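Residue numbers (this note's numbering): 8 to 413.
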Amino acid sequence: MRTNRWIDVARATGLLSPSGTVAPTIFAEMSELAARTGAVNLGQGFPDVDGPDHLKAAAVAAINAGHNQYPPGAGIPQLREAVAAHQQRHYGLAVDPDTEVLVTAGATEALAATILALAGPGDEVLTLEPYYDSYAASIALAGATHRTIPLRPGRDGFHLDPSEVRAAFTDRTRLVLVNTPHNPTGTVLTTEELTLLAELAAARDAVIVTDEVYEHLTYDGVRHVPIATLPAAAGRTLTISSAGKTLSFTGWKVGWIHGPAELVTAVRTVKQFLTYVASGPFQHAVAAALTDDDGATGEYVSGLAASLQSRRDLLLEALTSAGFAAVRPAGTYFVVADAAPLGFTDAVDLCRRLPELAGVVGIPVTAFCAAGSTTTEALGSWVRFTYVKQEGVLEQAAAGLARLRG
């Protein structure tokens, strides 16, 4: 029987099994394994406590005030204005809330709508590798070609090799999708790395798309630099972020995108046929949060970053003591660690055995890589763990990981 092109794409990208059923992701498999075995789930990156009470109260107030029907297609004016003011206050970026901001159902929808709007057959989309898994799926659905630039591990974290960056660009490069702070490695790209990407994108007249959902969760004094602030990126960058990670409300699904008006309009033409609109009352709560980010919300975010740094250090010590070679992340919710020193060369197999061996669940880093790539080969023994869990949970995980040394 003749199949739809999207089903063919889904099979080719592993989203469907050969039999036509929805293929379980490694994330779903590991979460189910944690639930079935009672292991500590350090695989899926979501907080195990809610964000600030005053923002929950703002969401309830919005519901009680009757903000329960469709919000405006571009997002409520208060949130668009708050996003623009946030970018000006934190980064000195001048953003028109009426024409240059679009509210989305989380950052994932913003990314999908952008790729579908701006890339198609014959175009190439560049991402870093490893990469967040939705990138590859959206690129495939757009019919574009996915090319990657490897992040290489070193003593001071993961970094880009300038020669590999230059080699990745071609005359068909249409979009350059940059994620910093980076999931899964936790690296925060340097100004030099971002400048090289921006200059090469400008030389190819490519659009830069930047995923900055962890923008406020950096550690050890490391500063996140939005690529849109760099001269070579001006006028060609779409910046994507969301409230989920910063405010610990991942289920609210309130994201946004801003950039040149003509590019935002193109994205909106696709977005309106995806969710149309979403998260009405939560948009009001997030607008309140962004407006208040020098007050109670700001205190919460700075406190969260400090707490996450402490929890990161707890997990790093546990992984190192167990025998992993872990890389200290400069941001995000995640740390990646090489299991090769423990004698494990296949992280997929190790992750399936970790509940029995250590009472812990992680995610193989190859889940964030293209099949058969040099990065997949290089990171075949690496595992991603999250530390966005309560300290007691991490201490339980540490006790389990200690068994690996034996």
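For every residue, glycine included, the Cβ atom is placed at its ideal position computed from N, Cα and C. Since we're looking at a predicted model, the values are computed, not measured.
Between the alpha carbons of A112 and F351 lies a gap of roughly 39 Å.
At a Cβ-Cβ threshold of 8 Å, A120 and V277 count as neighbours. In the structure shown, P160 falls within a strand segment according to DSSP collapsed to helix, strand and coil. In this structure, the beta-carbon distance from T198 to A337 does not fall below 8 Å.
Cβ neighbours of V232 within its own chain (closer than 7 Å, five residues either side excluded): T198 and L201. Distance from the CA atom of D320 to the CA atom of A65, rounded to whole angstroms, is 33 Å.
Unbroken alpha helix (DSSP H) stretches of 4 residues or longer found wholly inside the region 157 to 213: 169 to 175 and 198 to 210, given in chain order. L245 and L349 have their C-alpha atoms roughly 42 Å apart. Ranking D105, P169 and A126 by CA distance to the CA of P79 puts D105 first. Counting only runs of at least 3 residues, the region 86 to 141 fully encloses the following beta strand (DSSP E) elements, listed from N- to C-terminal order: 108 to 111 and 131 to 136.
According to the DSSP secondary-structure assignment, A332 is paired through a beta bridge with D345.
Note on geometry: alpha-carbon atoms of T225 and K260 lie some 22 Å from one another. Relative to the Cα of E88, the nearest Cα in the group P371, H291, A374 and V367 belongs to H291. Following the DSSP letters along the chain, one finds H74 in no beta strand (DSSP E), marked with neither H nor E. Within its own chain, the residues whose Cβ lies closer than 7 Å to the Cβ of A285, once the five positions on either side in sequence are excluded, are A112 and K260, listed in chain order. DSSP lists L133 as the beta-bridge partner residues of R154. Residue pairing of T393 in beta bridges, as defined by DSSP: F341.
In terms of CA proximity to T327, A406 leads the group I70, A406 and Q85. Taken through DSSP and simplified to helix, strand or coil, P288 comes out as helix. Around the Cβ of Q397, a 10 Å sphere holds fewer than 16 other Cβ atoms; the residue is exposed. When A149, R243, V390 and I370 are compared, the shortest CA-CA separation from A268 is found for R243. Rounded to the nearest angstrom, the Cβ distance from Y340 to Y283 is 30 Å, too far for a contact under 8 Å. Per DSSP, reduced to three states, the secondary structure at P54 is coil, with no helix or strand assignment.
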